[in-house]
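For reference, the structure discussed in these notes is given below.
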Amino acid sequence: MEIVNWKGILESVLFAAGDEGLSLKQIATVLEVDEIKAQGIISEMQHEYEKDENRGILLVQIAGVFQLATKKEHAEYLKRLVESPGTSHLSQAALETLAIIAYKQPITRIEIEEIRGVKTERPLQTLASRALIKEVGRAEGAGRAYLYGTTKEFLDYFGLKNIAELPPLPEKIEDEEVQAEADLFFEKFNEL
Amino acid sequence: MEIVNWKGILESVLFAAGDEGLSLKQIATVLEVDEIKAQGIISEMQHEYEKDENRGILLVQIAGVFQLATKKEHAEYLKRLVESPGTSHLSQAALETLAIIAYKQPITRIEIEEIRGVKTERPLQTLASRALIKEVGRAEGAGRAYLYGTTKEFLDYFGLKNIAELPPLPEKIEDEEVQAEADLFFEKFNEL
Amino acid sequence: MEHNEYNVKIEAFEGPLDLLLHLINRLEIDIYDIPVAEITEQYLIFIHAMKELKLDIASEYLVMAATLLAIKSKMLLPKHEDESEEAFSYEDEEDPRDELVERLIEYKKFKEAAIEFKSLEKDRGLMYTKPPSDLSEFTKDTQIEKSDVDVSIYDMLAALQKLMRRKKLQKPLATRITRQEIPIEKRMAEIIDQLASGGRKRFQELFPVHDRGHIVVTFLAVLELMKRQEVHVEQEQNFAEIFVTSQKGAGKVGNR
């Protein structure tokens, strides 16, 4: 009886696919198994990577595809190889704008500005050039303003499986929260 | 007693280093151990990768650097991966290559590979066959390497009038943003 | 790693709503019951301080100042509660603050979501990936992807983003430049010293160093000292010079 080493094969193809990742369908096709079987192999591997401390990688599902990535707890070692981050962090303005778009999409610039209370052209430009948002259509009415929505890169950038995985938007602001709120103006630099 | 999971850490750093690989010295530096210790960890891992059939990768030493690579016996699956119709669009590799050419043209293959950190022959081939890029000249110097640039088809395809219409590179915008926006009311201070 | 002192992020407020939330937070005010007179005063001091520093103030800040003043004057109008014939109409009359509170709460939701996003961004940044391997050895030279190109400029930019994220690791080992952080507590102590020796100071005199970081820290230090009532800030009339004086008996800095 010949046993096929599915896990070894899956590791090979995921390694080769790199950060392009593979969808469940692609994995099933390459392994020539059905998707249920493929999902079973994936889950098993995810579990093994996680529990084995001699492994430095994980099998994660981000933005709809499966891919290998290093374990977070090894980041400090990886940082030693780094000169400077390849991409800068998003500014507070960009993050706020992105949050509004993520939860309210599709949404126009004017609507975003009404919520933020300030002009928002620049953050929109930054977000578009970083492929985190895109124009998804035009609003009805006189101006036919552009409507914005989030992209697949948005999911990738924040490590989300899909848009449904967004953390819920706080519905009610509690009084204590007002006090405890992390004051961005005084937020620590440590996160750099 | 705290046990450091050297193997897991080494796997992380080798994985992230990709095709560039890491020298023994770099590995020792990152792990903060001496080179003898580093070599010991490497050898142990090489052995484990090889004997474990659930592993799809190997730790190889090529031209003085250590790097991870897929196991030869899984080649047929990788072939299937390449041939699978999975995606009807350009691969991540091709898109990256195209982006680099678009923003940095004219540029040689070697320069592109330096940026991507991975061989780029095939993406170049794909892009040329689709007439999105073309050879636009030869570089000065010994090799007289081909220089690549984008084509008129490229502009047509992405709906651009000319190359200057490409969205500005993100870092640039981010820099400007830091200047112009982050310090909303402190920006004029230099004039005092 | 955790310093208990404030470390200042060199970023301004994101707009008038952000500034108001900041003031509400610092003054420990109930957002649902804002003392309009107090918040308006604080807001105007802030605006005047910016003016004093000859800084451009975005028009949105001035619009908000006008809005606050309008609400304040509405709140001052007599309520007519005793006049029975009109009582019913005032029962369900809107609080003049309602609209502003609604906007603040709506904005605050997204501001909090942005904090959440920031932590996701950071978390994701801890994971490193690798580029797709070059698989050309597995294909015949003649075989070229035949399918139609079906990508947009966004796909290209997204690919570039992935590349740049990855590139982080491929640079040689080198030292990183770290920004110098100025602890706000230290600057507060300096200001107190300065005021103790010289009495009343012009606001601008507190900003001797033309460095953004220093300016922001000083500004925040003054605000914090005001809140702790260790200094008094006065302005004789609108757009006149602002003076800062030390409050008597407040010699100690650093304890809250």
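Chains as they are written, first to last, in the working numbering: chain A, 7 to 198; chain B, 7 to 198; chain C, 27 to 282.
Note that the Cβ used here is the ideal one computed from N, Cα and C, for glycine as well.
Item	Value
Closer than 7 Å at the beta carbon, the chain A residues around residue 157/C	24, 25
Cα-Cα separation between residue 21/B and residue 154/C, rounded to whole angstroms	8 Å
Residues of the stretch 116 to 134 of chain B whose Cβ lies closer than 8 Å to any Cβ of chain C, in chain order	121, 122, 123, 124, 125, 126, 127, 128, 131, 132
Beta-carbon proximity of residue 161/A to residue 169/A, cut-off 8 Å	yes
Segment contact flag, the stretch 43 to 59 of chain A with the stretch 144 to 162 of chain A, C-beta cutoff 8 Å, min 3 pairs	no
Selected residue, minimal CA-CA separation from residue 230/C, among 259/C, 141/C, 222/C	259/C
Rounded straight-line distance, which links the Cα of residue 51/C to that of residue 86/C	21 Å
Cutoff 8 Å: residue 169/B Cβ touching any chain A Cβ	no
Start-end ranges of the alpha helix (DSSP H) lying completely within the stretch 111 to 140 of chain A, minimum 4 residues	115 to 122, 127 to 135
Residue range of the unbroken beta strand (DSSP E) whose run includes residue 145/B	Note, residue 145/B: premise wrong, no beta strand (DSSP E); not H, not E.
Per-residue contacts from residue 18/B into chain A (C-beta, under 8 Å)	62, 63, 76, 77, 80, 83, 84
CA nearest to the CA of residue 94/C, picked from 133/C, 73/C, 77/C	73/C
CB of residue 97/C within 8 Å of CB of residue 126/C, strictly	yes
Neighbour-count burial assignment, residue 99/C, 16 or more Cβ in a 10 Å radius	exposed
Any non-hydrogen atom of the ligand PLP within 7 Å of residue 72/A CB	By its list of ligands, the structure shown contains no ligand whatsoever, and the ligand PLP lies outside what it can speak to.
The stretch 63 to 74 of chain B contacting the stretch 82 to 89 of chain B, beta-carbon criterion three pairs below 8 Å	no
Alpha-carbon spacing of residue 34/A relative to residue 16/A, whole angstroms	10 Å
Beta-carbon proximity check, residue 165/A vs residue 139/A, cutoff 8 Å	no
Beta strand (DSSP E) runs wholly inside the stretch 15 to 91 of chain B, at least 3 long, in chain order	63 to 68, 71 to 76
Residues of its chain near residue 62/C, where Cβ-Cβ distance is below 6 Å and the 5 sequence neighbours each way are ignored	97, 98, 101
Burial state of residue 53/A, where buried means 16 or more other Cβ atoms lie within 10 Å	exposed
Presumed contact (8 Å Cβ cut-off) between residue 256/C and residue 273/C, rounded CB distance	6 Å
Run of the alpha helix (DSSP H) containing residue 272/C, from where it starts to where it stops	Run containing residue 272/C: none in the alpha helix (DSSP H); it sits in the beta strand (DSSP E), 268 to 272.
Sheet register partners of residue 227/C (DSSP bridge)	270/C
Minimum Cβ-Cβ distance from residue 52/A to chain C less than 8 Å	no
Buried versus exposed, by CB contacts within 10 Å (16 or more), residue 19/A	buried
For residue 155/B: DSSP bridge partner residues	140/B
Minimum C-alpha distance to residue 172/B - residue among 126/B, 104/B, 132/B	104/B
Residue 152/A versus residue 99/A - alpha carbon distance	20 Å
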